[in-house]
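*Asks:* The sequence shown begins at 11 in this note's numbering and counts up one residue at a time. Every residue, glycine too, gets a C-beta built ideally from N, C-alpha and C. Dropping a structure here in structure tokens format, bear with me for questions.
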Amino acid sequence: MAVGSKLKPLGPGVERRRICVAAQAIPRDADIDDAMTPGELARLFAENGDDVTLLWVAGRDVPSTDEVAARRAEFEAASVKLEVLDRSDQLLPSLATPESRSAALLHYLERCSYDLVYAPLEGGLPYFTLLAAETDAFATSPIVLLARAPQEWAHEADKTFMGSTEAIATAYMEKYCAEMADRT
11 MAVGSKLKPL
21 GPGVERRRIC
31 VAAQAIPRDA
41 DIDDAMTPGE
51 LARLFAENGD
61 DVTLLWVAGR
71 DVPSTDEVAA
81 RRAEFEAASV
91 KLEVLDRSDQ
101 LLPSLATPES
111 RSAALLHYLE
121 RCSYDLVYAP
131 LEGGLPYFTL
141 LAAETDAFAT
151 SPIVLLARAP
161 QEWAHEADKT
171 FMGSTEAIAT
181 AYMEKYCAEM
191 ADRT
């Protein structure tokens, strides 16, 4: 799908798809330098008539209540439901590591039924969901991985690979997600 393209609206008798677009960061409209950010992708599907949830997997930088309210109003105007995933009832309270964010996404998707899930490759967010799908531990919806800059991702992983154990874990999770992209 080209940047700035429009989907064909759903025809009569066509059932609305339930789509989840996951994101680790949601830039404000003024900060957007790319027309295909997760928020813009969610808006595009909503314009098409789909039932869209934009899932903000907050991690360490949990947004304030005021920021969430403002962003929620902004997306509701475009018929996109914004949900903030800042904890999982099956994990410790903080989603500070890439592994905990990935596990929280899996727990969220197990509770909700979507027809289609879009998740970013960067950060390894869909790692545990893809692993669960591969092992048949979880019957998941089709997962589409959004790779915004794979070459840049590889360069950044190599540049700081030994900088921390978190960088090693994230690079491994991203690599696994890229390998599994066509298998779900």
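(1) In whole angstroms, what separates the C-alpha of Leu140 from that of Ala79?
(2) Please determine if the segment 108 to 125 and the segment 85 to 97 are in contact, where contact requires at least 3 C-beta pairs separated by less than 8 Å.
(3) On the DSSP letters alone, give me the boundaries of the beta strand (DSSP E) that Thr63 sits inside.
(4) Check this for me: beta carbons of Ala33 and Leu64, under 8 Å apart or not?
(5) Candidates Tyr124, Phe138, Glu84, Glu86: which alpha carbon is nearest Ser110's?
(6) Mind checking who Leu156 pairs with in its DSSP beta bridge?
(7) For Ile178, does the three-state DSSP call read helix, strand or coil?
(8) Would Val245 pass as a contact of Ile29 if the rule is Cβ separation under 8 Å?
(9) Exposed or buried, which one is Val13 when buried takes at least 16 other CB atoms within 10 Å?
(10) The beta strand (DSSP E) spanning Arg28 covers which residue range?
(11) Taking 8 Å as the limit between beta carbons, can you name the residues of its chain near Phe148, skipping five residues before and five after?
(12) Whole angstroms is fine: what's the gap from Ala113's alpha carbon to Pro136's?
(13) Got a sec, what are the start and stop residues for the alpha helix (DSSP H) Val78 sits in?
(14) Just tell me which of Thr175, Gly59, Ala188 has its CA closest to the CA of Pro108.
(15) Does the Cβ-Cβ distance between Pro130 and Leu156 come in under 8 Å?
(16) Helix, strand or coil for Leu92 per DSSP?
(17) Can Leu51 and Val31 be called in contact, C-beta distance under 8 Å?
*Replies:* So, to answer that:
(1) Locating residue 140 in the sequence shown gives position 130, counting from the first residue. Locating residue 79 in the sequence shown gives position 69, counting from the first residue. One C-alpha to the other measures close to 31 Å.
(2) yes
(3) As a working mapping, residue 63 is identified with position 53 in the sequence shown. Taken as a continuous stretch (DSSP letters only), the beta strand (DSSP E) holding Thr63 covers 61 to 67.
(4) Along the sequence shown, read from residue 1 onward, the residue named residue 33 stands at position 23. Along the sequence shown, read from residue 1 onward, the residue named residue 64 stands at position 54. A contact, by the Cβ cut-off of 8 Å.
(5) Taking the first residue of the sequence shown as 1, we reach residue 110 at position 100. Cα-wise, what sits closest to Ser110 is Phe138.
(6) Within the sequence shown, the letter at position 146 stands for residue 156. BP columns for Leu156 point to Pro130.
(7) Against the sequence shown, residue 178 aligns to sequence position 168. Helix at Ile178.
(8) Because the chain is modelled from 11 through 194, residue 245 falls outside the range shown and cannot be assessed.
(9) Here the question's residue 13 lines up with position 3 in the sequence shown. Residue placement at Val13 is poorly supported in this model, since its pLDDT is 42, which falls under 50; the coordinates still yield a value, given next. Classification for Val13: exposed.
(10) Translated into the one-based positions of the sequence shown, residue 28 becomes position 18. Note, Arg28: beta strand (DSSP E), 28 to 33.
(11) Locating residue 148 in the sequence shown gives position 138, where the first residue counts as 1. So the list reads Leu116, Leu119, Glu120, Thr139, Ala142, once near-sequence residues are dropped.
(12) By 1-based counting over the sequence shown, the position of residue 113 is 103. By 1-based counting over the sequence shown, the position of residue 136 is 126. Those two C-alpha atoms are separated by around 8 Å.
(13) By 1-based counting over the sequence shown, the position of residue 78 is 68. Counting along the chain, the alpha helix (DSSP H) containing Val78 begins and ends at 75 to 86.
(14) Here residue 108 refers to the residue found at position 98 when the sequence shown is read from its first residue. Closest option to Pro108, Cα to Cα, is Thr175.
(15) Translated into the one-based positions of the sequence shown, residue 130 becomes position 120. Translated into the one-based positions of the sequence shown, residue 156 becomes position 146. Taking 8 Å as the Cβ cut-off, Pro130 and Leu156 qualify as a contacting pair.
(16) Locating residue 92 in the sequence shown gives position 82, where the first residue counts as 1. Here Leu92 sits in strand by DSSP.
(17) Along the sequence shown, one-based indexing puts residue 51 at 41. Along the sequence shown, one-based indexing puts residue 31 at 21. Their beta carbons are under 8 Å apart, which means Leu51 touches Val31 by this criterion.
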